[in-house]
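Shown next, in C-alpha cells, is the structure this report addresses.
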Amino acid sequence: MAKTPAHRSEHLAIGIDVGGTGIKGGAVDVRTGELVTARHKETTPKGGSPVDIVAAVQQVRASILSELDMKARHLRVGVCLPSVVRHGVTSTAANISPDWIGLDAAALFADELGGTVSIMNDADAAGYAEVVYGAAKGRTDTVIVTTLGTGIGSALVHNGQLFPNTELGHLELDGHADYERYASAKVREREDLGFEDWAARLVPYYRKLEQLFSPDLFVVSGGVSKRADEFLHFVDVTTPLVAAKLRNNAGIAGAARLASDGWE
Numbered sequence: 010m011a012k013t014p015a016h017r018s019e020h021l022a023i024g025i026d027v028g029g030t031g032i033k034g035g036a037v038d039v040r041t042g043e044l045v046t047a048r049h050k051e052t053t054p055k056g057g058s059p060v061d062i063v064a065a066v067q068q069v070r071a072s073i074l075s076e077l078d079m080k081a082r083h084l085r086v087g088v089c090l091p092s093v094v095r096h097g098v099t100s101t102a103a104n105i106s107p108d109w110i111g112l113d114a115a116a117l118f119a120d121e122l123g124g125t126v127s128i129m130n131d132a133d134a135a136g137y138a139e140v141v142y143g144a145a146k147g148r149t150d151t152v153i154v155t156t157l158g159t160g161i162g163s164a165l166v167h168n169g170q171l172f173p174n175t176e177l178g179h180l181e182l183d184g185h186a187d188y189e190r191y192a193s194a195k196v197r198e199r200e201d202l203g204f205e206d207w208a209a210r211l212v213p214y215y216r217k218l219e220q221l222f223s224p225d226l227f228v229v230s231g232g233v234s235k236r237a238d239e240f241l242h243f244v245d246v247t248t249p250l251v252a253a254k255l256r257n258n259a260g261i262a263g264a265a266r267l268a269s270d271g272w273e
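Converting from the sequence shown to the numbering used here requires adding 9 to each position, the first position being numbered 1.
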C-alpha cells in the first residue's frame with residue numbers, strides 16, 4: 010500500500026519479522042496496525058547466523074525506507090525473532106543458528122542499524138498485534154494467542170499488557186515431553202491428519218491452558234488459521250476460540266507497535 014499524507018512519520022514504525030525461511034517487514038501506522046508500504050521480504054540466509062540475518066534485516070529496512078523516501082533516524086525499528094528474548098538477549102534459537110543463544114541481539118542490531126532497536130519473541134509480537142488491532146481488539150481481560158505452525162507459539166496478554174516469553178507450546182502433557190512436537194500444524198501435515206483427528210490432539214492442550222490460566226479468550230493464529238472454519242468447531246473447550254485476523258502481517262504489526270511503545 011502506498012504512503013498517503015495521512016500517515017505522518019510520528020505515527021510510523023518499522024516492523025521486521027524474522028522466520029526460518031523468510032524475513033519480512035514493512036512500515037506500520039501504529040495507530041491502526043495498517044502497513045503503509047509494501048511488505049518487503051528477503052530469504053533467510055542459510056544457517057541463520059547473526060551476521061547474515063542482520064545483513065538481511067538491513068536490506069529489508071533499506072527497501073522500506075527507500076519506498077517511504079525517509080532517513081533511518083525518523084523511524085523506530087522492532088525486530089521479532091524465533092527466540093526467547095530477555096532484555097534484548099536471545100536465549101533460545103528455533104530454525105536459526107545456535108549462535109543466537111546468549112547473544113545481546115539488541116546491541117548487535119543497534120550497532121549495525123543505528124539507533125535503538127526493540128527485540129522481541131515472534132509469537133509475542135504476533136499475539137500482541139491481535140490484541141491491539143485484531144481479533145481481541147479492545148479487550149481488557151485475559152487473552153491467550155496461540156500460533157499453530159512449525160511449532161506452537163503463544164502470547165499471554167492481560168488488560169492489554171504482554172507477559173513475554175511464555176513458550177506454552179513446550180508444555181509436557183499426556184506423556185509428550187514437548188507437546189508441540191505432537192500437535193503443531195506441521196505435525197498435522199507431516200502425518201496427513203484430518204482436521205478432526207488433529208483437533209483431538211489440540212483439545213487436551215487448550216484444556217490444559219484453561220486449567221493453568223483461566224483465560225477469557227483464545228485467539229488461534231498461524232497460517233492454518235485461514236482454515237479455522239474446518240477445525241475450530243472440533244476443539245471442545247469452555248473458553249471461546251476465535252481465528253486471528255492479521256494473518257501474515259501480525260508479526261510485523263506487533264513488532265512495530267512494541268517498538269513504538271519503547272519495548273526493551
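Glycine included, C-beta positions come from ideal geometry on N, C-alpha and C.
The secondary-structure analysis by DSSP pairs Gln-170 across a beta bridge with His-167. Of the other Cβ atoms in all chains shown, fewer than 16 fall within 10 Å of the Cβ of Arg-236; this residue is therefore exposed. By the criterion of at least three beta-carbon pairs nearer than 8 Å, the region 240-253 is in contact with the region 212-226. Exclusion of the five residues before and after Leu-182 leaves Tyr-188, Pro-213, Tyr-214, Lys-217 as the residues of its chain whose Cβ lies within less than 7 Å of its Cβ.
Going by C-alpha positions, Lys-195 is about 14 Å away from Asp-206. Residue burial is scored here from C-beta neighbours: Asn-258 has at least 16 other C-beta atoms within 10 angstroms and is therefore classed as buried. Residue state for Asp-187 is assigned as coil, using DSSP reduced to three classes.
When the five nearest sequence neighbours on each side are left out, the beta carbons in the same chain lying within less than 8 Å of the beta carbon of Pro-54 are those of Asp-61, Ile-62, Ala-64, Ala-65, in order along the chain. Scanning His-20, Ile-32, Asp-270 for the CA closest to the CA of Gln-170 turns up Asp-270. With a threshold of 16 other beta carbon atoms within 10 Å, Arg-199 falls short and is exposed. Ranked by how close their Cα comes to the Cα of Leu-90, the residues Gly-162, Lys-254, Arg-148 have Gly-162 in first place. If you draw a straight line from the Cα of His-185 to the Cα of Gly-143, it is about 32 Å long.
The region 223-233 makes contact with the region 151-158: 3 or more CB pairs, one atom from each, lie closer than 8 Å. Burial check for Leu-44: the Cβ neighbour count within 10 Å reaches 16 or more, so the residue is buried. Your pair Gln-67 and Leu-117 does not check out as a contact, with CB atoms roughly 12 Å apart and the cut at 8 Å. Here the alpha carbon of Gly-178 sits roughly 15 Å from the alpha carbon of Gln-220. Counted as a single uninterrupted DSSP element, the beta strand (DSSP E) harbouring Leu-90 occupies residues 85-90.
At a Cβ-Cβ threshold of 8 Å, Gly-34 and Ile-25 count as neighbours. Of the residues Gly-42, Gly-28, Val-37, Thr-41, the one whose Cα lies closest to the Cα of Glu-51 is Gly-28.
Under a 10 Å Cβ-count criterion, Thr-46 is classified as buried, with 16 or more other Cβ atoms of the shown protein chains found around its own Cβ. Nearest C-alpha to Leu-255 among Ile-73, Val-140, Ala-114: Val-140. In this chain, the beta strand (DSSP E) harbouring Lys-33 covers 31-38.
By the 16-neighbour rule on beta-carbons within 10 angstroms, Asp-133 is buried. Secondary-structure assignment with DSSP links Met-129 through a beta bridge to Cys-89. When DSSP assignments are scanned along the region 181-266, the uninterrupted stretches of alpha helix (DSSP H) that are 4 or more residues long and fall wholly within it turn out to be 189-192, 194-199, 204-222.
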